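Residue numbers for the sequence shown follow this note's numbering, beginning at 4 and rising by one. The structure appears below as structure tokens.
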Amino acid sequence: MKRRDFLKYQLHGALWLAAGASGLVSAESLFAEAAPDVAVVKGAPGAATRAAVELLGGMKAFVKPGQRVVIKPNMSFPHPVERGSNTHPEVVTALAAMCKEAGASRVLVLDHPLSSAERCLEQSGIREACQAIEEDMVHAFTSPSFYREADIPKGEDMKRNQVMRDVLEADVLIAAPTAKSHSSAGVSLSLKGMMGLILDRGVMHGRHELDEAIVDLASLLKADLTVIDSSYVLTTGGPSGPGKVIKADTVIASRDMVAADATCVASFEWYGRTFKPQQVNHIRRAAERGLGRLDIENLRTRTLTL
């Protein structure tokens with residue numbers, strides 16, 4: 004980045020903080036330039052989330068008045084945020100608040116936990132945090148009654164699965180994963196995270212080839228906005244930990260799930276070494292099947308430090 008651009012975005016960061024405090028400066032005036040393909044913001048989780056979405060054009064670019072929104076974070080484990088297995092509550096609340104501000108008629112925060120639903124909701128801190136925005140927003144659905152059989156028209160290996168009804172009925176889907184390693188898939192980011200919206204994940208590990216099934220599912224559940232919480236990056240021992248955690252204080256956002264995941268892979272060490280995005284099978288296959296772009300070196304990436 005040229006020095007003048009760096010100084011300009013430093014100023015934008017300072018003005019954005021002032022806007023958050025006073026409400027006197029509009030997002031439109033701060034980020035009037037063409038939106039980048041990927042936004043990378045370093046700072047406190049909530050503020051970084053807001054700034055990243057504003058860089059992409061603001062939540063009104065994704066959510067229209069009256070629309071129904073589902074936010075899909077990681078809240079599958081009964082662990083505190085510092086362990087790196089769940090999305091930071093401040094990231095989720097920032098997204099939910101922005102959706103309401105954009106005029107969403109309904110905002111739901113949904114996941115299918117791998118442990119006790121009640122313990123996950125409590126210990127992840129996400130339910131309590133979201134109650135300040137709206138009661139009964141956060142749910143961890145485990146009963147089949149909350150799911151509906153759905154065809155996957157573009158599925159090459161997995162042709163159908165039971166998907167949360169609220170997700171199938173939503174107008175907007177926002178992926179809000181935490182950045183973490185995964186023992187079977189290499190990493191668990193936005194593409195892999197869609198597995199938390201189906202009833203039977205076991206078939207993806209057993210009956211189907213996992214990487215191909217991840218891409219199949221993402222072809223159906225393609226997020227309109229991806230915001231990867233990299234506040235605490237679980238670089239080993241994922242998806243539940245314990246493992247090595249890097250406190251990165253970073254949020255990565257994009258309209259493109261593949262580009263967001265690829266940027267996250269390239270931004271941090273995993274298992275003690277660096278990887279190229281194309282080395283992660285499901286991310287490479289998603290790009291090959293046209294779900295997004297892997298060539299992050301050719302994308303417009305805007306960085307900002309608050």
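Backbone N, C-alpha and C fix where the C-beta goes; we use that ideal spot for every residue, glycine too. This one's a predicted model, so the numbers in the text were calculated from it and none came from an experiment.
- The secondary-structure analysis by DSSP pairs V73 across a beta bridge with L111 and L176.
- R210 counts as exposed, since fewer than 16 other C-beta atoms from the protein chains shown sit within 10 angstroms of its C-beta.
- Taking V44 as the centre and dropping the five residues before and after it, the same chain places the C-beta of A51, A54, A55, V254 and L307 closer than 6 Å to its C-beta, in chain order.
- Nearest neighbour of R292 by Cα position, chosen from K157, E57, E125 and M140, turns out to be K157.
- Contact between the stretch 238–245 and the stretch 219–230 is absent, with fewer than three C-beta pairs closer than 8 Å.
- Selection A143, D214 and D264 evaluated against G295 yields D264 as nearest (Cα-Cα).
- With a contact defined as Cβ atoms closer than 8 Å, D160 and E215 qualify at about 4 Å.
- The beta carbons of V112 and V94 sit about 11 Å from each other, so the pair does not count as a contact at 8 Å.
- G87 and D174 have their C-alpha atoms roughly 29 Å apart.
- In its chain, beyond the 5 residues on either side, R71 have a beta carbon closer than 6 Å to the beta carbon of R109.
- Restricting attention to L309, W273 and S191, the CA atom closest to the CA of V248 is found in W273.
- DSSP lists R163 as the beta-bridge partner residues of D154.
- By DSSP's assignment, S233 forms a beta bridge with T253.
- With a 10 Å radius around the Cβ and a threshold of 16 neighbouring Cβ atoms, R276 comes out exposed.
- Of the candidates E137, P116 and V190, the residue whose Cα lies closest to the Cα of L213 is V190.
- One alpha carbon belongs to I155, the other to K63, and they sit about 29 Å apart.
- Under the three-state reduction of DSSP output, L223 falls in the helix class.
- Residues of the same chain with a CB within less than 6 Å of the CB of N284, apart from the 5 flanking positions on each side, are D214 in chain order.
- In this structure R303 is exposed. Its beta-carbon is surrounded by fewer than 16 other beta-carbon atoms within 10 angstroms.
- In the structure shown, the three-state DSSP call for V218 is helix.
- Within the DSSP bridge table, the entry for H185 names G189 as partners.
- In the DSSP assignment, V206 falls outside any beta strand (DSSP E) and within the unbroken alpha helix (DSSP H) covering G205 to G209.
- Across the structure, V84 and K250 are spaced so that their CA atoms are roughly 11 Å apart.
- Put simply, the backbone Cα of I286 is about 15 Å away from that of P180.
- As DSSP reads the structure, R276 sits in a beta bridge with W273.
- Looking at the DSSP output, K45 sits in a beta bridge with T253 and T308.
- Its Cα nearest to that of R305, the residue S257 stands out among S257, P280 and F278.
- Per DSSP, the unbroken alpha helix (DSSP H) holding A97 starts and ends at P92 to E104.
- In the three-state reduction of the DSSP assignment, I129 falls in the helix class, which pools H, G and I.
- The stretch 184–201 and the stretch 130–138 do not touch, with fewer than three beta-carbon pairs separated by less than 8 Å.
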